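This report concerns only the one structure given below.
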Amino acid sequence: MSNTIRVMICDDSAVMRRILTTVLSEDAELEIVYAAQHGRDALDNLDQAKPDVVVLDVEMPVMDGIQTVAAIRRKHRTLPIVMFSSLTSRGAEATFEALSAGANDFATKPSGVGHLGQAVDIVRKDLLAKIKGLVHARRRLSAVGNSRITLSPAVTRPAKSGGPISLVAVGVSTGGPKALSEILPCLPVDLPVPVLIVQHMPAVFTGLLASRLDAISSLSVKEAEDGEMIRPGGVWIARGDWHMEVSRFGTDTRISLNQNEPENSVRPAVDPLFRSVARVFRDRALGVILTGMGKDGLDGCRAMRQQGASIVAQDQATCAVYGMPRQVIEAG
0 MSNTIRVMIC DDSAVMRRIL TTVLSEDAEL EIVYAAQHGR DALDNLDQAK
50 PDVVVLDVEM PVMDGIQTVA AIRRKHRTLP IVMFSSLTSR GAEATFEALS
100 AGANDFATKP SGVGHLGQAV DIVRKDLLAK IKGLVHARRR LSAVGNSRIT
150 LSPAVTRPAK SGGPISLVAV GVSTGGPKAL SEILPCLPVD LPVPVLIVQH
200 MPAVFTGLLA SRLDAISSLS VKEAEDGEMI RPGGVWIARG DWHMEVSRFG
250 TDTRISLNQN EPENSVRPAV DPLFRSVARV FRDRALGVIL TGMGKDGLDG
300 CRAMRQQGAS IVAQDQATCA VYGMPRQVIE AG
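Written as structure tokens, this is what we have:
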């Protein structure tokens, strides 16, 4: 099998098609096999182009990104699809619809000709990594069909003897919205602990993610606010572009948000949350690492583990990208 990654791009903007083609072609591992102007154009040339991954704009004439994703999924269940969407409320809503239709991940692009330099940087630093991560993950695994999310113990040695679990902390990236939409509806309405989630996602998107998860869960799911007291049965999603931590105030535990430097090139990052959980809850916490690329969460899991907390990670077969869980499991 060739190591070349065959990329189809689809965007109604000639300028954006040129940027995508030029910047992605700089990487020797990638080959642009077709540049479509809209969804119908992409579908008509999909079989001939034989891409390993499709990069789709969301808002396009003739056939938009959501319709295109649905059409691709009817014929190609596992072909990686990355949405390239605008960083607006409208773009965020459409992106979530595309993810629900079967897209694997998304990257955000600035709007307007005055932000072309920023668009180039995003393609190089964000979109390129997601393209490679998804294709490499698909090549490592055979298709898993409709497998349900399962979790594997990331630590086999017993934890220190301590009290019952008082908090669950979750870290997730690529494939997170789908994973969370499968897990949260399964949690009981009388869940006796709070759940804090860091999902790598921009600011405009995290509030919408919380709203969508709240609509399908028996638990209250909301975007985190600074100083908010956490309580059993509640679920909090870290606000985009803000790290989320927990702090003790007397007998209360509250959320603390900050804009300290990104960690592992992301903000919010999993590590700051998990480190704070280790300080505050010690052995009375459970850390969960779900699908995602990179190693965010590894240092935080180590900190929790040193305090005797338990760690579990999503198994390889059901991960969109087996990166973050793999790092944690292999580190023991």
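Per numbering that gives the first Met the number 0, the sequence shown starts with residue 0, numbered consecutively.
Glycine included, each C-beta is placed from N, C-alpha and C at the ideal position.
None of the values given here were measured: they were computed from a predicted structure.
Residue burial classification, residue i (beta-carbon count within 10 angstroms, cutoff 16)
i, result
"I185", "It is Cys, not Ile, that sits at residue 185 in the sequence shown. With fewer than 16 Cβ atoms within 10 Å of its Cβ, C185 is classed as exposed."
"E329", "exposed"
"R274", "buried"
"K129", "buried"
"V188", "exposed"
"G175", "buried"
"A319", "buried"
"K124", "exposed"
"Q313", "buried"
"H35", "Inspection of the sequence shows that residue 35 is occupied by Ala rather than by His. Buried, since its Cβ has 16 or more Cβ neighbours within 10 Å."
"R76", "exposed"
"P374", "With the chain covering 0 to 331 only, the question about residue 374 has no answer from this structure."
"P50", "buried"
"N145", "Residue confidence for N145 is low, a pLDDT of 45 falling below 50, so the modelled location carries little weight; the figure read from the coordinates is stated next. N145 comes out exposed."
"S24", "exposed"
"D298", "buried"
"G132", "buried"
"N2", "exposed"
Proximity below 7 Å, CB of residue i to CB of residue j
i, j, result
"I4", "V134", "yes"
"L272", "M292", "no"
"I196", "I236", "yes"
"T67", "S84", "no"
"V245", "V276", "yes"
"H37", "V61", "yes"
"G296", "V265", "no"
"M82", "D11", "no"
"A93", "V57", "yes"
"D63", "T173", "no"
"W241", "P267", "yes"
"M303", "G286", "yes"
Through-space distance from residue j to residue i, alpha-carbon basis
i, j, result
"G239", "G226", "16 Å"
"L289", "C300", "12 Å"
"L55", "C9", "5 Å"
"A202", "A91", "10 Å"
"E171", "H199", "A small correction: the amino acid at residue 171 is Val; Glu does not occupy that position in the sequence shown. C-alpha separation (whole angstroms): 7 Å."
"R247", "I164", "17 Å"
"A97", "A316", "23 Å"
"R211", "R139", "31 Å"
"V112", "P231", "Unreliable positioning characterises V112 in this predicted model, as indicated by a pLDDT of 49, which lies under 50. The coordinate reading is nonetheless provided below. Rounded to whole angstroms, V112 to P231 spans 47 Å at the Cα level."
"A102", "A69", "9 Å"
"E222", "N257", "14 Å"
"R137", "E224", "37 Å"
"A13", "K74", "27 Å"
"L179", "V22", "33 Å"
"E30", "L207", "34 Å"
"I310", "R278", "15 Å"
"S216", "I65", "24 Å"
"L126", "P79", "13 Å"
"L333", "S255", "In the structure as shown, the chain begins at 0 and stops at 331. Residue 333 is therefore absent and cannot be evaluated."
"T205", "R16", "28 Å"
"D43", "N263", "39 Å"
"F95", "Q305", "37 Å"
"G249", "L86", "39 Å"
"T20", "S99", "27 Å"
Same chain only: Cβ atoms within 6 Å of residue i, ignoring 5 sequence neighbours per side
i, result
"A48", "M7, V32 and Y33"
"M228", "D251 and R253"
"R72", "G101"
"K294", "Q326"
"L166", "V192, P193, F280 and A284"
"K177", "none"
"A209", "V220, K221, E222 and I236"
"R39", "V61 and M62"
Close beta carbons around residue i, own chain, < 8 Å, minus the five adjacent residues each side
i, result
"I18", "L115, A118, V119 and V122"
"S219", "D213, G232, G233 and V234"
"T155", "Unreliable placement is indicated for T155, whose pLDDT of 41 sits below 50; no coordinate value is reported for it."
Other residues of its chain near residue i: CB distance less than 7 Å, five sequence neighbours each side excluded
i, result
"S88", "V203"
"V143", "Note that V143 scores 47 on pLDDT, short of 50, meaning its location in the model is unreliable; the coordinates nonetheless yield the value given after this. For V143, where only same-chain residues beyond five positions count, the Cβ hits under 7 Å are A316 and T317."
"L190", "L218, P231 and G232"
"N259", "H242"
"P109", "L86, Q117 and A118"
Neighbour flag for residue i against chain D, beta carbons, 7 Å
i, result
"T21", "Reference to chain D is not applicable here, since this structure consists of a single protein chain."
- 4-residue-minimum alpha helix (DSSP H) runs that sit fully inside the segment 216–278, ordered along the chain: Fully enclosed alpha helix (DSSP H) runs of 4 or longer: not present.
- Task: Return the chain-ordered ranges of every alpha helix (DSSP H) run that is complete within the segment 38–91 and spans a minimum of 4 residues.
- Result: Correct list: 38–48 and 64–74.
- Any alpha helix (DSSP H) of 4 or more consecutive residues that is wholly inside the segment 163–214: Those alpha helix (DSSP H) runs which fall completely within the segment 163–214 and span 4+ residues are 175–182.
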